[in-house]
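K.L.:
In the working numbering, the protein residues as written are 338 to 729. For each residue, glycine too, the CB sits at the ideal point set by N, CA and C. The structure presented is a predicted model; accordingly, all values stated were derived computationally and were not measured.
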Amino acid sequence: MHYHSLGKIPRKRHIQFRKENGELYSEQLFSTVGFDDCYSNLYHVNPPTKITQVGEPYSIAPKTVHDKQLKHRSLAGFNIKPEDDYIKSRKPVLVNNDCKIVLAAPRKSMREYFFKNADADEVIFVHQGTGKLRTMYGNLPFEYGDYLVIPRGTIYQLEFDGEDNRLLIVESTSPIETPRRYRNKFGQLMEHAPFCERDIRKPQELETHDDDAEYLFYIKKQDNIYPYHYLGHPFDVVGWDGYLFPYAFSIHDFEPITGRLHMPPPIHQTFAAKGFVICSFVPRLFDYHPLSIPAPYNHSNIDSDEVLYYVDGDFMSRKHVEKGMLTLHPGGIPHGPHPGTVEKSIGAKETHELAVMVDTFAPLVMTEHAAAIEDADYHKSWLTAEISQNGK
Ligand SMILES: [Fe+2]
């Protein structure tokens with residue numbers, strides 16, 4: 338990330354900064370990885386510490402399913418049931434200690450409470466729906482194709498324009514970053530990066546509320562939700578600056594890297610974190626060597642689990658793909674294109690596929706939510722396209 342400032346801030350850090358009535362604003366340093374990583378300084382109208390009540394916590398820990406099977410998996414993501422409430426709508430499907438892959442179909446905007454994930458950074462990929470992410474750093478409008486990157490500890494609300502919303506959420510226990518190889522020593526995105534600073538949308542609209550009403554927060558910490566009541570609206574920041582803030586990046590702004598021969602998955606990489614990466618597969622021209630095979634080769638990813646979330650378009654290496662489908666190809670067994678798709682791909686000039694990939698180094702574990710939407714025969718789908726149920 339890079340430096341951003343919004344609203345009014347004093348000339349130096351940690352000096353007196355007063356309101357018109359002479360009272361001091363309340364400075365808050367928001368730092369990550371102790372004092373070693375990105376941070377921002379925020380100036381609140383009221384102190385962010387006025388707790389009035391702490392409610393009973395409840396667990397939202399994923400219920401994992403250990404069937405002791407090493408298998409290719411396919412999940413019908415759009416079969417996840419919509420829920421009115423945002424927190425209830427978040428259904429973890431594949432998890433490990435580094436990340437949680439969550440599907441959500443929330444119907445209603447968050448009006449009654451504010452949410453804070455104190456466990457993890459979040460990347461929310463907007464598959465369906467438009468609206469506004471409201472945060473203490475300012476607001477970000479969102480639409481189909483946006484990645485919303487929300488650093489841990491950010492207090493936020495999601496406002497949706499309609500009820501037909503589909504989100505893919507990746508929770509990361511380490512900070513979400515852009516790939517190191519795309520940044521120079523000052524952090525600027527380099528010429529060979531598939532996106533640049535102009536593609537990153539920063540908060541622009543700062544809300545500064547000044548009241549002493551009581552507000553409900555749900556704070557997620559160690560897979561529990563802690564209901565907290567505070568005095569004063571959480572969006573009472575008059576100004577802030579720093580390197581830590583939520584931002585939006587549209588998958589449609591990812592500029593694909595293409596070549597004469599099949600390019601490997603790292604060219605699609607968009608985000609990095611400890612233990613996993615997030616990649617964007619976007620519409621692009623195919624390989625242009627006269628004997629090229631655009632479909633991917635068979636692949637033994639011995640060291641990682643590969644999750645592909647299908648967003649839109651056609652998928653040249655898969656048959657009968659549906660929107661919102663999610664496949665898991667675990668490390669240890671090879672995977673590859675479906676029968677017939679290799680020959681079919683020869684001579685094709687371009688693809689319109691749109692997909693998000695999450696590759697993890699530690700194995701992922703399925704949850705009960707995943708088991709409920711699994712196509713149990715998917716692992717046999719390479720025999721012929723027709724052998725499995727539902728044609729997958
Ligand atoms: Fe692969």
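1) Determine the extent of the beta strand (DSSP E) in which V439 is found, giving its start and end residues.
2) Using a threshold of 7 Å, is the CB atom of N383 nearer than that to any non-hydrogen atom of ligand 2?
3) Would you report the Cα separation of M792 and H689, rounded to the nearest angstrom?
4) Do P620 and L691 come within 8 Å of each other at the CB atom, strictly closer than that value?
5) Compute every distance between the C-beta of E690 and the non-hydrogen atoms of ligand 1, then say whether any falls below 7 Å.
6) Which residues in the same chain have their Cβ closer than 6 Å to the Cβ of H420, if we skip the five residues on either side of it in sequence?
7) Return yes when the C-beta of P602 is under 7 Å from any heavy atom of ligand 1, and no when it is not.
8) To the nearest angstrom, report how far apart K469 and P667 are at their CA atoms.
9) Below 8 Å, how does it come out for the stretch 613-632 and the stretch 546-557: are there three or more Cβ pairs, yes or no?
10) Suppose the cutoff is 8 Å on Cβ atoms and the five residues either side in sequence are ignored; what does the same chain contact list for D578 look like?
11) If you reduce the DSSP assignment to three classes, tell me which class P429 lands in.
12) Tell me the residue span of the beta strand (DSSP E) that contains V648.
13) Taking the alpha helix (DSSP H) that E534 falls in, what are its first and last residues?
14) For the candidate residues F354, Q494, I461 and L431, whose alpha-carbon lies nearest to that of F586?
15) Just to confirm the assignment: which complete beta strand (DSSP E) runs, minimum length 3, are found wholly within the stretch 547-635?
16) Could you tell me whether any non-hydrogen atom of ligand 1 is closer than 7 Å to the CB of H672?
17) Exposed or buried, what is R489 when buried is set at 16 or more other beta-carbons lying within 10 Å of its beta-carbon?
18) Any beta carbon of chain C sitting closer than 8 Å to that of V679?
P.N.:
On the basis of the data shown:
1) Position 102 of the sequence shown holds residue 439. Where V439 is concerned, the enclosing beta strand (DSSP E) stretches over C436 to A441.
2) Of the ligands this structure carries, namely ligand 1, none is ligand 2.
3) This structure gives no information on residue 792, because the portion of the chain shown stretches from 338 to 729.
4) Working through the sequence shown from its first residue, we reach residue 691 at position 354. Working through the sequence shown from its first residue, we reach residue 620 at position 283. In contact: L691 and P620 (Cβ atoms closer than 8 Å).
5) Along the sequence shown, one-based indexing puts residue 690 at 353. No, ligand 1 has no heavy atom inside 7 Å of this Cβ.
6) Translated into positions along the sequence shown, residue 420 becomes position 83. Note on identity: in this sequence residue 420 is Glu, with His being the wrong assignment. Once the five neighbours on either side are set aside, the close Cβ partners of E420 are S426.
7) Position 265 of the sequence shown holds residue 602. Checking the Cβ of P602 against ligand 1 gives yes.
8) Taking the first residue of the sequence shown as position 1, residue 469 is located at position 132. Taking the first residue of the sequence shown as position 1, residue 667 is located at position 330. Take the alpha-carbon of K469 and the one of P667: they are about 35 Å apart.
9) No, they do not touch.
10) Taking the first residue of the sequence shown as position 1, residue 578 is located at position 241. Within the same chain, and ignoring the five residues on either side of D578 in sequence, the residues whose Cβ sits closer than 8 Å to its Cβ are Y340, H341, S342, L343, I346, S377 and N378.
11) The residue given as residue 429 occupies position 92 in the sequence shown. The answer is strand: DSSP assigns P429 an E or B state.
12) In the sequence shown, the residue the question calls residue 648 occupies position 311. V648 -> beta strand (DSSP E) spans D642 to D649.
13) Position 197 of the sequence shown, counting from 1, holds the residue named residue 534. According to the DSSP assignment, E534 belongs to no alpha helix (DSSP H), since it is labelled neither H nor E.
14) The count along the sequence shown starts at 1 and reaches residue 586 at position 249. Ranking F354, Q494, I461 and L431 by CA distance to the CA of F586 puts I461 first.
15) Listed in chain order, they are 551-558, 561-568, 574-579, 584-587, 606-610 and 613-618.
16) One-based indexing of the sequence shown puts residue 672 at position 335. Remark: the shortest separation between the CB of H672 and any heavy atom of ligand 1 falls under 7 Å.
17) Looking up residue 489 in the sequence shown gives position 152. Residue environment for R489: buried (at least 16 other C-beta atoms within 10 angstroms of its C-beta).
18) The structure shown contains no chain C; it holds only a single protein chain.
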